[in-house]
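Some notes on the structure that comes next.
Residue numbers (the numbering used here): -1 to 146.
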């Protein structure tokens, strides 16, 4: 077949379920993690694909939910209503034999965020309890070059 390219897609997917004392991290990235709920249940999913010899893609997500009720500084949270979701998507392209260019997006969602700490050297007004943002994202553009 002339003029047509064959797209090879080698994909692998995984799903994990668990209950116990755990720590959440978006695709095992310790710099982008948060504390787990008191009595968590965990679901992880990940997939990798290689659409061409010079390109790779990966997706991953993790859900933590609290299976017990919990009192927070602002209210009471019912079981299965205290959720944390962390996810990551990455696309990597081969530039040459020694260089790669990658784009990575991380996202973290917390349905009941903790109170936001006040700026250093200050305090919040009595009774004022601002919450941290529910959604946190980080985007990275990476250039990897091998010298050896």
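Ideal Cβ placement from N, Cα and C applies to all residues, glycine included.
DSSP, reduced to helix, strand and coil, places residue 70 outside both helices and strands of the structure shown, so it counts as coil. By the neighbour-count definition (other C-beta atoms within 10 Å, threshold 16), residue 80 is a buried residue. Here residue 120 is not bridged, per DSSP, to any residue. Here DSSP, grouped into helix, strand and coil, assigns residue 127 to coil. Taking 7 Å as the cut-off, the beta carbon of residue 56 is found closer than this to the beta carbon of residue 88.
Here residue 86 is buried: its Cβ has 16 or more other Cβ atoms, across all protein chains shown, within 10 Å. Non-local beta-carbon contacts of residue 105 in its own chain, meaning distances under 6 Å to residues more than five positions away in sequence, involve 85 and 135 in chain order. The straight-line gap separating the alpha-carbon atoms of residue 69 and residue 43 is approximately 29 Å.
CA-CA distance, residue 129 to residue 82, rounds to 15 Å.
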